[in-house]
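Visitor:
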Amino acid sequence: MHALIEADGLSKKFGKVQALSGLTLTLPSGEPVAILGPNGAGKTTFIRMVATLIAPDRGTLVVNGRDVVRESMAVRRMIGLAGQSAAVEEMMTGRENLVMVARLYGQGRAEAVASATRILEQMHLVEAADRQAKTYSGGMRRRLDLGASLVGSPRLLLLDEPTTGLDPVSRNEVWDAVHAMSAHGTDIVLTTQYLDEADHLAATIVIIDGGRVIAQGTPSELKSRVGADMVELHTIDVPTMQRAAEVLASLGMAEPSTDPSTRRCSLAAPGGSKLLPIIVRALDEGEVPVEDIALRRPTLDEVFLALTGHTTTDPTAPKEDAA
Amino acid sequence: MTVTLDPPRQSRPTDAVTNQGASYLVATGQVAARTLKKFIRSPALLIAGTAQGLLFLLIFRYVFGGAVGHTGDLSYVDFLVPGFVVTGVLFQGMSAASGVADDKEGGLFDRLRSLPIRLLSIVSGRVSADTALVAWGVVVMTVAGFAVGFRVTGTTADAVAALGLTILYGFAFVWLFIALGLMAGSPQAAQGLSFLVFPLSFVSSAYVPVSTMPGWMQAFANNQPMTQMVNTVRLLTGGTPAQALLGHPVSYYLVPSLLWTAGLVVVFAPIAVWKLKSS
């Protein structure tokens, strides 16, 4: 049994921009995978390569045993793609959009109509089915686009930043839909620049930066690679936070970090569960009231910082990854 | 929200090829149907192109027309309407360029290219729909031509052939516009292509006799594709006065027109497919 996706030394240059530089990875079948990285890391370039939309300059990419360049049609028969912009025809109804894509996958008229109805139910779009897609909300549009990528029951579903630009409610709807597809047995590879999304949706996370793989593993593997647990506390105001930081510093374990905007103070605490009572006692003796205090594992943000030396994204930065 | 799904299938054969993909004709038909629905449901698209054409017709027929001479025994309205309808395919076909640029930018082509269909079917579906839009414009403008006094002097068969040839020319130019739209990169850039349409339509025999232009301009006007088809249609509809004015049989203009038609398709179909593939 071969791997779902095998990439070896993939490189791609757009003009002067090196989008991928020797990306090598092997992805297993049977569990959702998130490709995580900042804008310009090469996520979209990679997913478009898997979808046969662009060819690598160098290197090979094999999807379920088929080479994306030499056997592109065979790859297209196995995949469904939902790109970054919801590729629905606004002037057509939701149902018409789905029937069209089903017909293009090669289904007959009656079969295509039945597939569309099934997808509309799955995506909770039955009531809006016969309205033009231009009347849909952003979340509905994204669900319709997801549905279109599913209408051919693909073996592999490719989702490029499926929740970028969605409000939290719509994002949760898309997450639920992705969970359901995954439970249904569809292999899913998605890209995201949101760490919580990768954590929430994927069993395997591949972190890429500068066009190559930085790390690959389960969310907890990646977190434990960074090491220490963190003790984090919230205070009612900034002066209290500063007093708390002084108390934590006086313990002599590590330098606490503070964030005045959230009145949060955190301290790396290896073997945190033993240290937590000591910290609580010290705060109590120093008469520093805290709103709450907790022991937590490092966030993927902290993982990313540790692995790449810089933080994930500036959401206001111009998009460079669209190529 | 909860998403309900069918119970998981019992087995999913890993190498089963589930999607054969639509045949070339079905895929072309689906892409064409989608584009036609978009046209029909966006009345602005249908009306804007024809309204501009009608305005031009009225201006030339009633404002400039009286001052245009050198049309011999052919009345100016009978001279003008063939030129107006044939060059109208450029103004109507031009929208294909920004249309494909829109489709590309909106992500539709990414979706279509990820499906198991031939690339050519995406382009030819788009061409079919845009040709239908051009045909609609040709019919509307022909009717308008009759309304302002145009009359056919030749046989009905010749007139019908003229109409068919005009639409065929529209089809050929739609390939050009689609290739240019895919090369343009953005819908805005594609709209800028109208610079190409003005010299082709005005520096031709469409609105005034070429003999009234400066010599260097005549060289271009006499040999560019619009003049060839305008004169073909003029000869097919204008009878003896048109023959006397142009001094050549229909074949003199028809053969180059058909060569242009074939040439445009042969050159721009591969370019369109190649641009689509590398977009």
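These protein sequence lines are chains A and B, in that order.
Per the working numbering, residue 1 is the first one in the first sequence, and the count goes up by one each step.
Per the working numbering, residue 1001 is the first one in the second sequence, and the count goes up by one each step.
Where a beta carbon is used, it is the ideal one built from N, C-alpha and C, also for glycine.
Remember, predicted model here, so these are calculated numbers, not experimental data.
Tell me whether V1017(B) sits in a helix, a strand or coil according to DSSP, three-state version.
Guide: Confidence at V1017(B) is low in this model, with a pLDDT of 47, below 50, so the placement of that residue should be treated as unreliable; the coordinate-derived value is given next. In the structure shown, V1017(B) falls within a coil segment according to DSSP collapsed to helix, strand and coil.
Visitor: Since I believe D209(A) is in contact with P38(A) (beta carbons under 8 Å), could you give me their beta-carbon distance rounded to a whole number of angstroms?
Guide: About 7 Å; that satisfies the 8 Å criterion.
Visitor: Would a C-beta distance cut-off of 8 Å place M1141(B) and G1053(B) closer than the cut-off?
Guide: Yes. Within cutoff.
Visitor: Alpha carbon to alpha carbon, how far is L36(A) from Q193(A)? Give it in angstroms, no decimals.
Guide: 6 Å
Visitor: My output table needs one value for E320(A): the three-state DSSP class, helix, strand or coil.
Guide: The predicted position of E320(A) is uncertain, since its pLDDT is 43 and thus under 50; no value can be drawn from it.
Visitor: What is the C-beta distance between L25(A) and Q216(A), in whole angstroms, given that I count them as a contact (C-beta under 8 Å)?
Guide: 6 Å
Visitor: Check for me: the alpha helix (DSSP H) holding T1131(B) runs from which residue to which?
Guide: The continuous alpha helix (DSSP H) containing T1131(B) extends over residues L1119 to A1147.
Visitor: Would you mind stating whether F31(A) and A203(A) have Cβ atoms separated by less than 8 Å?
Guide: A small correction: the amino acid at residue 31(A) is Glu; Phe does not occupy that position in the sequence shown. Contact: yes.
Visitor: Looking at chain A, which residues of the segment 1027-1048 of chain B have a Cβ within less than 7 Å of any of its Cβ atoms?
Guide: A1027, Q1030, R1034, K1037, K1038, R1041 and S1042
Visitor: Between which residues of its own chain and V1085(B) is the CB-CB distance below 8 Å, once the five residues before and five after are set aside?
Guide: V1138, M1141, T1142, G1145, T1166 and V1233
Visitor: Measuring straight from C-alpha to C-alpha, what distance separates R1126(B) and A1135(B)?
Guide: 14 Å
Visitor: With a 10 Å radius around its C-beta and 16 neighbouring C-beta atoms as the bar for buried, classify T261(A) as buried or exposed.
Guide: A quick correction: the sequence has Ser, not Thr, at residue 261(A). With fewer than 16 other Cβ atoms within 10 Å, it is exposed.
Visitor: Whose Cβ in chain B lies nearer than 8 Å to the Cβ of A52(A)?
Guide: Reading off the sequence, residue 52(A) comes out as Thr, not Ala. Neighbours of T52(A) on chain B, chain order: R1113 and S1114.
Visitor: So for D67(A), helix, strand or coil by DSSP?
Guide: strand
Visitor: I want to see whether chain A comes within less than 8 Å of V1273(B), judged by CB atoms only; does it?
Guide: No, V1273(B) does not count as interfacial toward chain A.
Visitor: Classify G368(A) as helix, strand or coil using the three-state DSSP reduction.
Guide: Because chain A in this structure spans residues 1 to 323, residue 368(A) falls outside the shown range and cannot be described.
Visitor: Hey, is S115(A)'s beta-carbon within less than 8 Å of any beta-carbon in chain B?
Guide: no
Visitor: Identify, in the order they occur along the chain, each residue of the same chain with its Cβ nearer than 6 Å to the Cβ of A1172(B), setting aside the five sequence neighbours on each side.
Guide: T1261, L1264 and V1265
Visitor: Could you pull the start and end residues of the alpha helix (DSSP H) that A1190(B) belongs to?
Guide: P1187 to Q1191
Visitor: With G42(A) and A19(A) assumed to form a contact (beta carbons below 8 Å), what rounded beta-carbon distance in angstroms separates them?
Guide: 5 Å
Visitor: Run through chain A and tell me which residues come within less than 7 Å of I1117(B), C-beta to C-beta.
Guide: L104
Visitor: Cutting at 7 Å between CB atoms, please list the residues of its own chain near I1117(B), excluding the five before and the five after it.
Guide: Excluding positions up to five away in sequence, the list reads G1021, A1022 and A1027.
Visitor: One question on the structure: do V1174(B) and S1204(B) come within less than 8 Å of each other, judged by their Cβ atoms?
Guide: no
Visitor: Cβ of S276(A) less than 8 Å from any chain B Cβ?
Guide: Contrary to the premise, residue 276(A) reads as Leu rather than Ser in this sequence. False, the Cβ-Cβ gap to chain B never drops below 8 Å.
Visitor: Since R76(A) meets chain B, which of its residues come closer than 9 Å, beta carbon to beta carbon?
Guide: N1019, G1021, R1113, S1114, L1115, P1116 and I1117
Visitor: Buried or exposed for M1226(B), going by 16 or more other Cβ atoms inside 10 Å?
Guide: Under this definition M1226(B) is a buried residue.
Visitor: Take L1046(B) and list the residues in its own chain whose beta-carbon comes closer than 8 Å to its own, dropping the five residues that flank it on each side.
Guide: F1039, I1040, L1133 and W1136.
Visitor: Take A1206(B) and list the residues in its own chain whose beta-carbon comes closer than 7 Å to its own, dropping the five residues that flank it on each side.
Guide: In the same chain as A1206(B), and ignoring 5 residues on each side of it, the C-beta atoms closer than 7 Å to its own belong to G1083, F1084, V1086, T1087, M1226 and V1230, in chain order.
Visitor: Pull up the CB-CB distance for R264(A) and E232(A), whole angstroms please, since I reckon it's below 8 Å.
Guide: 6 Å
Visitor: So, S1285(B) versus L53(A), is the Cβ gap smaller than 8 Å?
Guide: Outside the displayed range of chain B (1001 to 1279) lies residue 1285(B), so it cannot be described from this structure.
Visitor: Here's a check: name, in chain order, each residue in its chain whose Cβ is nearer than 6 Å to the Cβ of F1268(B), leaving out the five neighbours to either side.
Guide: W1175, L1176 and A1179
Visitor: Give me the chain A residues within the contact set of L1108(B), using Cβ-Cβ distance strictly less than 8 Å, ordered along the chain.
Guide: A87 and E89
Visitor: With a threshold of 8 Å between beta carbons, is A133(A) in contact with chain B?
Guide: No, no contact with chain B.
Visitor: With DSSP collapsed to three states, give me the class of R1012(B).
Guide: With a pLDDT of 44 at R1012(B), under the threshold of 50, the modelled position of that residue is not reliable, and the figure given next carries that caveat. Note: R1012(B) maps to coil in three-state DSSP.
Visitor: Is the Cβ-Cβ distance between G80(A) and L157(A) less than 8 Å?
Guide: The answer is yes: Cβ separation under 8 Å.
Visitor: Identify which residue in T218(A), V290(A), R225(A) and L222(A) has its Cα closest to the Cα of V247(A).
Guide: V290(A)
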